[in-house]
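Visitor: The UniProt record's numbering puts the sequence shown at residues 1 to 905.
Glycine is no exception: its CB is placed at the ideal position from the N, C-alpha and C atoms.
Shown below is the structure under consideration.
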Amino acid sequence: MAKGGYFEEIKYLDLNTSAPQDGQSSCQFFSDGRRKVDYVLVFYQRKQISVRGGDRLHRLSAPPHPPHRLSVISNGTGQRSAGDGEVCVDLAVEVELEADPAEGEMVLIREEFEARLLEAGLEMERDTEVRDQPVCVFTRLHVPWQVLSREAEFLKIKVPTKKVRPPPLYSRVCVCVFNITSKDTFFDNATRSRILLHDEWARYGAFYKYQPVDLIRKYFGEKIGLYFAWLGVYTQLLIPASMVGIIVFCYGCYTVDMDVPSLEMCDKQQNFTMCPLCDGVCDYWHLSTACGTARASHLFDNPATVFFAIFMSLWVATFLEHWKRRQISLNHSWDLTGLEEEEDHPRPKYETILLQKRQMMRNKEKKNEKKKKKKKIETGVEKLTWRDRLPGYLINISSILFMFGLTFSAVFGVIVYRIVVSALMAMSPDPETKSNVRVTVTATAVIINLVVILILDEIYGAVAVWLTELEIPRTESNFEQHLILKAFLLKFMNAYAPIFYVAFFKGRFAGRPGDYVYVFNDYRMEECAPGGCLIELCIQLSIIMVGKQLIQNNVFEIGIPKLKKLIRAWKGKGISLEEREEQRARPPQQWNLDYTLVPFEGLTPEYMEMIIQFGFVSLFVASFPLAPLFALLNNVIEIRLDAKKFVTELRRPDAVQAKDIGIWYNILSGMGKFSVIINAFVISFTSDFIPRLVYQYMYSQTGTMHGFIDHTLSHFNVSNFRPGNAPTSSYLSETTVCRYKDYREPPWSAEAYQFSKTYWAVLAARLAFVILFQNLVMFLSLLVAWVIPDVPKNISEQLKREKTLLVDVFLREEKEKFHLLQSLFSSKDLPSQGHPDTAHFRTLPLGLSQGLGQPPGGEGGESRVRCRAASFSQFTRQMSMSPSNNAGRQMSMSPSNDAARHTAV
1 MAKGGYFEEI KYLDLNTSAP QDGQSSCQFF SDGRRKVDYV LVFYQRKQIS VRGGDRLHRL
61 SAPPHPPHRL SVISNGTGQR SAGDGEVCVD LAVEVELEAD PAEGEMVLIR EEFEARLLEA
121 GLEMERDTEV RDQPVCVFTR LHVPWQVLSR EAEFLKIKVP TKKVRPPPLY SRVCVCVFNI
181 TSKDTFFDNA TRSRILLHDE WARYGAFYKY QPVDLIRKYF GEKIGLYFAW LGVYTQLLIP
241 ASMVGIIVFC YGCYTVDMDV PSLEMCDKQQ NFTMCPLCDG VCDYWHLSTA CGTARASHLF
301 DNPATVFFAI FMSLWVATFL EHWKRRQISL NHSWDLTGLE EEEDHPRPKY ETILLQKRQM
361 MRNKEKKNEK KKKKKKIETG VEKLTWRDRL PGYLINISSI LFMFGLTFSA VFGVIVYRIV
421 VSALMAMSPD PETKSNVRVT VTATAVIINL VVILILDEIY GAVAVWLTEL EIPRTESNFE
481 QHLILKAFLL KFMNAYAPIF YVAFFKGRFA GRPGDYVYVF NDYRMEECAP GGCLIELCIQ
541 LSIIMVGKQL IQNNVFEIGI PKLKKLIRAW KGKGISLEER EEQRARPPQQ WNLDYTLVPF
601 EGLTPEYMEM IIQFGFVSLF VASFPLAPLF ALLNNVIEIR LDAKKFVTEL RRPDAVQAKD
661 IGIWYNILSG MGKFSVIINA FVISFTSDFI PRLVYQYMYS QTGTMHGFID HTLSHFNVSN
721 FRPGNAPTSS YLSETTVCRY KDYREPPWSA EAYQFSKTYW AVLAARLAFV ILFQNLVMFL
781 SLLVAWVIPD VPKNISEQLK REKTLLVDVF LREEKEKFHL LQSLFSSKDL PSQGHPDTAH
841 FRTLPLGLSQ GLGQPPGGEG GESRVRCRAA SFSQFTRQMS MSPSNNAGRQ MSMSPSNDAA
901 RHTAV
């Protein structure tokens, strides 16, 4: 409620709905034991100047609004008295403003804020004790029935009525219509008890249960309720994706012994002598030593992977459509269908900068003494322009580009680490170390990548907040949207840059034997493993995904709140011994315990974790079919972990109404479309799926995969090595030709070492597959979105029934009004139509007179106009204006006008 650091709001979490009984705790109520504590405001009293009695008053000048005099009493009651221009507040502390001007200004702002709360109808009670040391002062607020009724009518809340009819909107005028048994429990919050949430939701033992989404919404509000509902839908739909991923992985395990290329690589009789992996110290080696890598690569690089990539693309479309249906169902059940977006209030920082600009313009005006420009200056600073935000925009662009460069530098640093460590381990005399070079370097490099990602994630989160503040957004919604876009952009690049490098760049620019590409003129660019880069992409993705979820999403979420709580408790120990004894003698109130909890910082970190995980599941799923399974296991824990954090570790956040998850849905939809392109390129360029198809149907003599390995290996004459590149000592000194993985012409060809025709055929097939895959999956996704309706059938039928029932109720009420008017007029002796006073009966509404057969203007030959019957209140209001003429101004109603009456109704 209060911004700018003057008040820090604490929502009271564990509320009761009835007055305390004998022996029960009264911490949920005011000192009178009747009025319930609804909100608690707290501010930190840094310096206590003096203490005064209850009869002394601190007077201050009030703003133009409110114009009356208020007296804030400590028990929450308010008294109005005559007088304008000042507010009189009964405080427990008298602050000497000259001792600390900044503290005095904060006191003045707090007093003004409290006065406005009282003017709005709230009641308050403050701690009466005053201490000499810095303390937290709590102000308890109670919302009376009148304020609740007013806000319920303003928010158009549907409440139960006494009759069986569609629940109308709440109105203070027709209170008797609603089923109000007790004003203390009508706007009930008993179901918001965090004890019930803890038992039914915030326990790891309840992982198999559905989330109590309605209870979460009633306790935390619609915005947080929608987040957990979305998380539940996402986790639920991960189950079929995980099952299909397990089937694909099992298919790879089952067919690994029947994979011909793997068998050829493991066959020592083939005796493929490969070129050295580094210059000088590395020796020639046999391809059969990479047998384990080839077999492991088949687990994820098999024909079922293509099917799984298509399936996951359709899964993304199904997930988005299913969430839209679920969201509409929640909107209907939570009565959010008619929720209109209200204009947000400007942020305090925006108002402060705008006020400073106005003051600066006024100062310039005084200096120039140009009175004609005064009006222009005042109207020209109603809002901040792009010129005011231009420095912030420039800093944003330059900072984001710098962060991108920092991310790429980190990736490049890990690449250099891999190259250097590979060269150093290759120089080792230990043969076991040489044989494990690739595995050791890959594992350690991925761990370094993970640590760098975790560190940069925290830095980028803070930088995104700082950059968004520089833009000076006007409202909180604009601030949140800009923050989300910046944080997502930075964290997306940070999390996926190493994966993109392995998938699409590693080994593409390494060169060939005799013409390698070097880093710093000494180290060769790294190449993919003999089995391809897909297995390295799988290792990279699995370690980063699982490690990020375990460390950042779980350990940080558990450890950081507890660490902050310990720090706050440690700071609170800096009090005197007397106060400690006093605190031990008197147990702390609930608001004291809630103040030690961690403040709620928004849902952006929670959504960001799941969005990044959604990228791991959808973007590179072709290389790691088990990604949905690990995401499912993480989310089962994540839901209960977030629930426990929200219920026990965080202060209760403000309840915010929302109809959807906002910009996050657009990000999900964009990532779903982007995943189609990424998976198409992974299958085409990273895996060996396309080269195998090209060989089998274009170059194989038998139509099988026999001979595929020999087809993919090119020849190199060792005499063509540059000086210093050939092995200095070799166990295979008689080698004249070595092999390397590429499609190039042999050394005896006229175009030696140039790309062969096979290379261009494979490249054309890869590009054709990308185009075919994208169009096919996009078409199927659109088909899925078209087949699945956005509005569930039961909801659409229920909306139609409600609309029909509302029309019937409206017609029934109008008919009752008409019969009431008919009975009122027919009970009296009415004069004939020719009576001279009939023309004076214009107090009867025009529509009613026409509906009863009375032609307009008193002439029967004119056509009648179909109008709705007048309401009874309108009739009585008009008749009460001239009571003396009621007897002579009556109108006859004959039974022959039934058709006209029905037409009017």
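Buried or exposed: G252, going by 16 or more other Cβ atoms within 10 Å of its Cβ?
Guide: Looking up residue 252 in the sequence shown gives position 252. Taking all protein chains shown into account, G252 has 16 or more neighbouring C-beta atoms within 10 Å of its C-beta and is therefore buried.
Visitor: Among V441, T804 and V37, which has the Cα closest to the Cα of A426?
Guide: On the sequence shown, residue 426 is found 426 positions in, with the first residue counted as 1. Considering only alpha carbons, the answer is V441.
Visitor: Ordered along the chain, which non-local residues of its own chain (more than five positions away) have a Cβ less than 7 Å from that of L263?
Guide: Taking the sequence shown and counting its residues from 1, one reaches residue 263 at position 263. Contacts found: none.
Visitor: Select from L563, Y518 and F504 the residue whose C-alpha is nearest the C-alpha of V416.
Guide: Against the sequence shown, residue 416 aligns to sequence position 416. Of the listed residues, the one whose Cα sits closest to V416 is Y518.
Visitor: Just list the residues that DSSP pairs P346 with in beta bridges.
Guide: Residue mapping note: residue 346 aligns to position 346 of the sequence shown, counting from 1. DSSP output for P346 lists T475 as bridge partner(s).
Visitor: For the 8 Å Cβ check, are there 3 or more pairs between the segment 450-458 and the segment 482-494?
Guide: In this structure the segment 450-458 touches the segment 482-494; the number of beta carbon pairs closer than 8 Å is three or more.
Visitor: Tell me the residue span of the alpha helix (DSSP H) that contains K673.
Guide: Residue mapping note: residue 673 aligns to position 673 of the sequence shown, counting from 1. It spans I663 to F681 - the alpha helix (DSSP H) in which K673 sits, taken as one unbroken run.
Visitor: Between M274 and R766, is the Cβ-Cβ spacing less than 8 Å?
Guide: Counted from its first residue, the sequence shown places residue 274 at position 274. Counted from its first residue, the sequence shown places residue 766 at position 766. No.
Visitor: I'd like the span of the beta strand (DSSP E) that includes E125, first residue to last.
Guide: Residue numbering aside, residue 125 sits at position 125 when the sequence shown is read from its first letter. That run of the beta strand (DSSP E) goes E123 to R126.
Visitor: Could you have a look at W285 and say whether DSSP puts it in helix, strand or coil?
Guide: Within the sequence shown, the letter at position 285 stands for residue 285. In this structure, W285 counts as strand in the three-state DSSP scheme.
Visitor: Would I567 be called buried (16 or more neighbouring beta carbons within 10 Å of its own) or exposed?
Guide: Position 567 of the sequence shown, counting from 1, holds the residue named residue 567. Result: exposed.
Visitor: In angstroms with no decimal places, state the Cα-to-Cα distance between residue 946 and K793.
Guide: The first residue shown for the chain is 1 and the last is 905, placing residue 946 beyond what the model contains.
Visitor: Buried or exposed: M608, going by 16 or more other Cβ atoms within 10 Å of its Cβ?
Guide: Numbered from 1 along the sequence shown, position 608 holds the residue referred to as residue 608. With 16 or more other Cβ atoms within 10 Å, it is buried.
Visitor: Work out the CA separation of S242 and R524 for me, nearest whole Å.
Guide: In the sequence shown, the residue the question calls residue 524 occupies position 524. In the sequence shown, the residue the question calls residue 242 occupies position 242. When only Cα atoms are considered, R524 and S242 end up about 40 Å apart.
Visitor: If you follow the alpha helix (DSSP H) that Y251 is part of, which residue opens it and which one closes it?
Guide: As a working mapping, residue 251 is identified with position 251 in the sequence shown. Its alpha helix (DSSP H) spans residues E222 to T255.
Visitor: Taking just the CA atoms, how far does S288 sit from K548?
Guide: Along the sequence shown, one-based indexing puts residue 548 at 548. Along the sequence shown, one-based indexing puts residue 288 at 288. Rounded to whole angstroms, K548 to S288 spans 35 Å at the Cα level.
Visitor: Which same chain residues, not among the five before or five after T305, have their C-beta less than 6 Å away from its C-beta?
Guide: The count along the sequence shown starts at 1 and reaches residue 305 at position 305. These residues qualify, in order along the chain: A622.
Visitor: What would DSSP say about Y417, mapped onto helix, strand or coil?
Guide: Locating residue 417 in the sequence shown gives position 417, counting from the first residue. Of the three classes helix, strand and coil, the one that applies to Y417 here is helix, per DSSP.
Visitor: Taking 8 Å as the limit between beta carbons, can you name the residues of its chain near C266, skipping five residues before and five after?
Guide: For this step, residue 266 is matched to residue 266 along the sequence shown. S288, C291, A294 and R295.
Visitor: For M274, which residues does DSSP report across the bridge?
Guide: Numbered from 1 along the sequence shown, position 274 holds the residue referred to as residue 274. Paired residue(s): W285 and R739.
Visitor: State the DSSP-derived secondary structure class of D660, mapped to helix, strand or coil.
Guide: By 1-based counting over the sequence shown, the position of residue 660 is 660. If DSSP states are grouped into helix, strand and coil, D660 belongs with coil.
Visitor: Please report how far the alpha carbon of F716 lies from the alpha carbon of Y731, in whole angstroms.
Guide: Within the sequence shown, residue 716 is the residue found at index 716, counting from 1. Within the sequence shown, residue 731 is the residue found at index 731, counting from 1. Their backbone Cα atoms lie some 18 Å apart in a straight line.
Visitor: DSSP beta-bridge partners for T337?
Guide: In the sequence shown, residue 337 corresponds to position 337, counting from 1. T337 is not bridged to any residue.
Visitor: Determine contact between the segment 590-598 and the segment 665-677, defined as no fewer than three beta-carbon pairs at a distance below 8 Å.
Guide: no
Visitor: In the DSSP assignment, the beta strand (DSSP E) including S781 goes from what residue to what residue?
Guide: Here the question's residue 781 lines up with position 781 in the sequence shown. Careful: S781 lies outside any beta strand (DSSP E), inside the alpha helix (DSSP H) at K757 to V787.
Visitor: Could you tell me whether the Cβ atoms of I637 and N554 are closer together than 8 Å?
Guide: One-based indexing of the sequence shown puts residue 637 at position 637. One-based indexing of the sequence shown puts residue 554 at position 554. The criterion of a C-beta distance shorter than 8 Å is satisfied by I637 and N554.
Visitor: Using the three-state DSSP reduction, which class does residue 936 fall into: helix, strand or coil?
Guide: In this structure the chain extends from 1 to 905, so residue 936 is not present and cannot be described.
Visitor: Which of helix, strand or coil does DSSP assign to Y523?
Guide: Against the sequence shown, residue 523 aligns to sequence position 523. In this structure, Y523 counts as strand in the three-state DSSP scheme.
Visitor: Roughly how many whole angstroms lie between the Cα atoms of K565 and K644?
Guide: For the purposes of this step, residue 565 is taken as residue 565 along the sequence shown, with counting starting at 1. For the purposes of this step, residue 644 is taken as residue 644 along the sequence shown, with counting starting at 1. Rounded to the nearest angstrom, the two C-alpha atoms are 15 Å apart.
Visitor: Grab me the residues of E105's own chain with a C-beta within less than 6 Å of its C-beta, minus the 5 sequence neighbours each way, in chain order.
Guide: Taking the first residue of the sequence shown as 1, we reach residue 105 at position 105. If the five residues before and after E105 are omitted, its C-beta is found closer than 6 Å to no C-beta atom of its own chain.
Visitor: Kindly indicate which three-state DSSP category S730 falls into: helix, strand or coil?
Guide: Residue numbering aside, residue 730 sits at position 730 when the sequence shown is read from its first letter. Judged by DSSP in its simplified three-state form, S730 adopts coil rather than helix or strand.
Visitor: Identify the continuous beta strand (DSSP E) that holds L632 and give its terminal residues.
Guide: Position 632 of the sequence shown, counted from the first residue, corresponds to residue 632. Here L632 belongs to no beta strand (DSSP E); instead the alpha helix (DSSP H) covers A627 to K644.
Visitor: Among the candidates P530, H332 and L693, whose CA atom is the shortest distance from the CA of D742?
Guide: What you label residue 742 is simply residue 742 of the sequence shown in a count that begins at 1. Checking every option, the nearest Cα to that of D742 belongs to P530.
Visitor: Taking the continuous beta strand (DSSP E) assigned at N717, which residues delimit it?
Guide: Reading the sequence shown from its first residue, position 717 is the one you call residue 717. Looking at the DSSP string, the run of the beta strand (DSSP E) that includes N717 is L713 to N717.
Visitor: DSSP state of H142, grouped into three classes?
Guide: The residue labelled residue 142 in the question sits at position 142 within the sequence shown. Looking at H142 - three-state DSSP - the assignment turns out to be strand.
Visitor: Output needed for R744: all residues of its chain with C-beta closer than 8 Å, excluding positions within five of it in sequence on either side, in chain order.
Guide: The count along the sequence shown starts at 1 and reaches residue 744 at position 744. Contacts found: R512, S714, Y753, Q754, F755, S756 and Y759.
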